[in-house]
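Structure first, then comments.
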Amino acid sequence: MREESRNRDAMSPLTAPALYPIARIKVANSEIKTFLFIADAIARASEPGQFVMVWNPGVDEIPISIADVSGGGEQIELAIADRGDCTHSLHQKREGDLIGLRGPYGRGFRIHGSRICIVGGGYGVAPLLFAAKRARELGKDITVLVGARSESELLYVAEFQDIGCDVRVATEDGSQGFRGVVTELLSSTLRGEDFDQVLCCGPELMMKRVCGITKRAGIPTQIAVERIVKCGCGACGACDLGGYRVCTEGPVFDAEELEGTEFGCWKRAKSGKRIKINNNNCSLSSVPSPAFTPEYEPLLETHLCGIEFPNPIANAAGFGVSGKLLYRYAIAGAGALVTKSVGVREQEGYPNPTFFEVAPQTQTYVNAMGLPNPGIRDYGPEIEDAKRANVPLILSVFARDVEESREVAKVALNYPIEMLEFNASCPHSDFVSMENNPKLLRSIIRAIREVIHPHHIPLAVKLSPNIGDIAGLAMTLERAGADAITAINTVICRPIDRTLDIPILGNPTGYGGKSGRALTAGGKQVVFSLYEELKIPIIAVGGIFSAKDVIDYARNGASLFQIGSALVTQGHGIFKRIKEDLKEYIRNNGYKNIGELIGEAHRR
Ligand SMILES: Cc1cc2nc3c(=O)[nH]c(=O)nc-3n(C[C@H](O)[C@H](O)[C@H](O)COP(=O)(O)OP(=O)(O)OC[C@H]3O[C@@H](n4cnc5c(N)ncnc54)[C@H](O)[C@@H]3O)c2cc1C
Ligand SMILES: Cc1cc2nc3c(=O)[nH]c(=O)nc-3n(C[C@H](O)[C@H](O)[C@H](O)COP(=O)(O)O)c2cc1C
Ligand code: FES
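Heads up: the sequence shown begins at 88 in our numbering, then just goes up one per residue.
Right under this line is the structure:
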C-alpha cells in the first residue's frame, strides 16, 4: 500500500523549479501572507494535504502546503508564515516578482464518511482549507476548530464559513471564541458530537494531543506532519520520521502509522541530528524495529574483503540518513546497507534546491546536498536502528585532512560496522574533493588503515570520473592499503536558470553532481578499466536500474552493487526485482553463483 503510493508520487514533476510571477499577495494575519499563483499544471494535479516546493531564487527552496485551488482549477494559493531566512525574504516580495514552483508532492488527505471534524492551528490551517473545500464539494458536513494564540493570529476563519463549514474558534488569550487551546475545544466538542473522521494540521505537540483524544474517542484521524524537506522525492531521507519519508509517504499520515515513531518526541535538524521537541518522558532513542535476518539465497551469496553478504545488492551512500530507513532497505531485500557519509562535525548541508531531474523522464538527476550529517559521534542511534537488520553495514565517511580522518576512524571503531567506505569524491563539497589531491588522499588512506585494520575492518575508497586518471589513482590507493574501490560517484555539473542567469542549485558555487541514467554507460566503462589494473575488489555504483546493469557491471569486474537514483522512480521494490531477475539469469545460463560472472568480460 505504502509502496504503491510512493511509486505514484514518483510521477510528480521532479525537474528544476519553473518560474511564476506572484499574481497576488494578501496579509492574512499578523504572521502570515497568502501568495496566489496562476500555475494550472500544478493546480490541476493538486490534492488537499499535498505541498509544493517554493524556490526563492538565490535564497532557498522550502515546502509549503497548497492552501487552495481556485480560478476554475488554474490558481494555487499558499499561506506562508514569516519564520526564518527564506520565509522572511518571501514576505518582502511584491506582486509580479518571479518565484520558482514545482510539485505537487506527497500524499494528501483521504476523505471518508459524512461528518468530518477539522482541527487546525497556526499555518497548519492552510492545507485544511483546501481539504474542507474538497469535502464540501463531496457533500460532507464539516465542523472546523481553528486555534491561535490570539484573534490576530487566526487564519482563514471567514473562508471556512463562506464554504458552509460550522466554524468554532479557540484563542489562548480569549480574544475570540473559546478561551483556551484548540485541543480543549476538541475534547468538549467530542463530548456531545460524533464524527466519522478527524483531519488535523498544526504544531506537532498539538497534533500529538489530538491523536490521543481521538484515539480514546475511537475516531479515525489523519494528520499532516512537517519535517525538514530537501530533495522532496524520497531520495535523500532528510525528512525521515521513523523510517517513513514525510515528502513521499506523507505529509499526511493515519494517526496509527505514527504510533511507535518519534512523532511528538523529537525531530531532525537539517543535519539529520535528532533534537527533542518534548521534554516529557521522551528520549532521543527510536522504538526498536523487530530483529530481521534475510533469507539464504545461495545463487546470490557473495564474499568480499572477508565479509559474507547475503546478496550483493546494496543502497548507495546518501540515500538515507536514518537507520530506520536503511533497515527498510534490508527488509525490502538489500544485502548490505551503506550509510550517509558522515564526518567529524555536524553539518547541515547546502540550502535547497539540492536535487532535481535534469529533464522530465530522463531519470538523470543533479544533486548538491553538501554532505549534511549529524557528525560521527551523534551517528550511533542510526547505526543501532540499521543494525536491527542482520546484514553487513558499510559506514561511509569523509574527512578534510589526515587528523580528521584518524578521528573519524577511531570513533567508527565504537560502532558495529562491517566496512568503512571513504568518500574521496563528492564533487561539490565545501572543501576540494580529496581525489584531486592524490598525495593527501594516500596519507589519509594510510592513517585510516592504521586505525581500523587491527580490528579487521576493511576500507573501500570511493572515486569519481571527475579526475582524469581514475585507474591510476585507484592503483596508488591499492598500494596505500585500500581493500576495495567503489566507483563511481556523481559527475560534476553546474546547472543554470536561463531566465535569471543564476545557478539553480543552492550550493553557493552552483556546482553539483549528476547521477542516474547518465552514469550507466560511463560507470561500466570505469569498472572495466579498474578491473584491468587492480587486484582488490570493485564495488559498482552509478546508474544501476536493472539486473542487466548488475550483470554488465559484474562482467566488467564488480562484485558488489549499490543502487541510488533508481530508488527515486522504482522505490524499495527495486532490490527484490533485481534479485529475482538476477537469479533467473544465473539459473537459465548455467552459472552456479553470481560470483562466476565477475570479470567475465576480461576472460573472453
Ligand atoms: C510538508 C510541509 C508543508 C509546509 N507547509 C507550510 C505552509 O503551508 N506554510 C508555512 O508557513 N510553512 C509551511 N511549512 C514549514 C516551512 O517549510 C518552514 O517554516 C520553512 O521551510 C522555514 O524556512 P525558513 O528559511 O524561513 O526558516 P529557517 O531559517 O530554515 O528555519 C526557521 C525555523 O523553522 C524550522 N524549519 C525549517 N524548515 C522546516 C520544515 N521543513 N518544517 C518545519 N520546520 C522547519 C527551523 O527548524 C527553525 O526553527 C511546511 C513544511 C512542510 C514539511
Ligand atoms: C541525493 C544524493 C546524495 C548522495 N550522498 C552521497 C554521500 O553522502 N556519500 C557518497 O559517497 N555519495 C553520495 N551520493 C552519490 C551516490 O552514492 C552515487 O555514487 C551516485 O548517485 C551514483 O549512483 P546512482 O546513479 O545510482 O545514483 C549521493 C547521491 C545523491 C543523488
Ligand atoms: S526530503 Fe524527503 S527524502 Fe529527501
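We put the beta carbon where it would ideally sit given N, CA and C, even for glycine.
Source: prediction; values computed, not measured.
As the crow flies, the alpha-carbon of residue 633 is around 26 Å from that of residue 327. Residue pairing for residue 390: DSSP places it in a beta bridge opposite 395.
Within 8 Å of the C-beta of residue 571 there is not a single heavy atom belonging to ligand 2. If you look at residue 247, you'll find it in the alpha helix (DSSP H) that goes 244–249. Rounded to whole angstroms, the Cβ separation of residue 138 and residue 190 is 6 Å, and the two are in contact under 8 Å.
Shown here for residue 525: same chain residues with a beta carbon closer than 7 Å to its own, the five before and five after excluded, namely 560, 563 in chain order. Counting only the Cα atoms, residue 593 lies some 31 Å from residue 614. Rounded to the nearest whole angstrom, the CA to CA distance from residue 576 to residue 120 is 42 Å.
Note that the C-beta distance between residue 464 and residue 498 is below 9 Å.
Residue 253 sits exposed, since fewer than 16 C-beta atoms from the chains shown fall within 10 Å of its C-beta. Less than 9 Å divides the Cβ of residue 425 from the Cβ of residue 483. In this chain, the beta strand (DSSP E) harbouring residue 649 covers 645–650. Three or more Cβ pairs drawn from the stretch 409–427 and the stretch 376–384 lie within less than 8 Å of each other, which places the two stretches in contact.
Secondary-structure assignment with DSSP links residue 156 through a beta bridge to 163.
In the displayed model, residue 374 falls within coil according to three-state DSSP, outside both helix and strand.
Our two residues, residue 272 and residue 265, have alpha carbons roughly 7 Å apart in a direct line. Under the three-state reduction of DSSP output, residue 402 falls in the strand class. Beta-bridge partners assigned by DSSP to residue 548: 509, 572.
Distance from the Cα of residue 409 is smallest, within the candidate group 263, 355, 490, for 355. One thing to note: residue 150 has its Cβ within 9 Å of the Cβ of residue 316. Pairing residue 122 with residue 307, the inter-Cα distance amounts to about 32 Å. Approximately 5 Å separates the beta-carbon atoms of residue 391 and residue 624; this is inside 8 Å, confirming the contact. Beta-bridge partners of residue 287 (DSSP): 206, 310.
Residue 134 has its alpha-carbon roughly 29 Å from the corresponding atom of residue 359. When secondary structure is reduced to three states using DSSP, residue 238 falls in the helix class. Under the DSSP assignment, residue 108 falls in the beta strand (DSSP E) whose first and last residues are 105–108. In this structure residue 281 is exposed. Its beta-carbon is surrounded by fewer than 16 other beta-carbon atoms within 10 angstroms.
Annotation for residue 138 indicates a beta carbon at 8 Å or more from all heavy atoms of ligand 3.
In the structure shown, the three-state DSSP call for residue 691 is coil.
In the three-state reduction of the DSSP assignment, residue 123 falls in the strand class, which pools E and B. Annotation for residue 405 indicates a beta carbon within 8 Å of some heavy atom of ligand 2. In this structure the stretch 394–411 lies against the stretch 627–647, because at least three pairs of beta carbons, one per stretch, are closer than 8 Å. The beta carbon of residue 173 sits closer than 6 Å to the beta carbons of 143, 146, 147, 149 from its chain, once the five residues preceding and following it are set aside; these are given in chain order. DSSP places residue 173 inside the alpha helix (DSSP H), whose first and last residues are 172–178. By the criterion of a C-beta distance shorter than 6 Å, residue 207 is surrounded in its chain by 215, 233, 288, 289, once the five residues flanking it on both sides are discounted. Close CB contacts of residue 647 within its chain, under the 6 Å cut and outside five residues either way in sequence, are with 391, 399, 626 (chain order).
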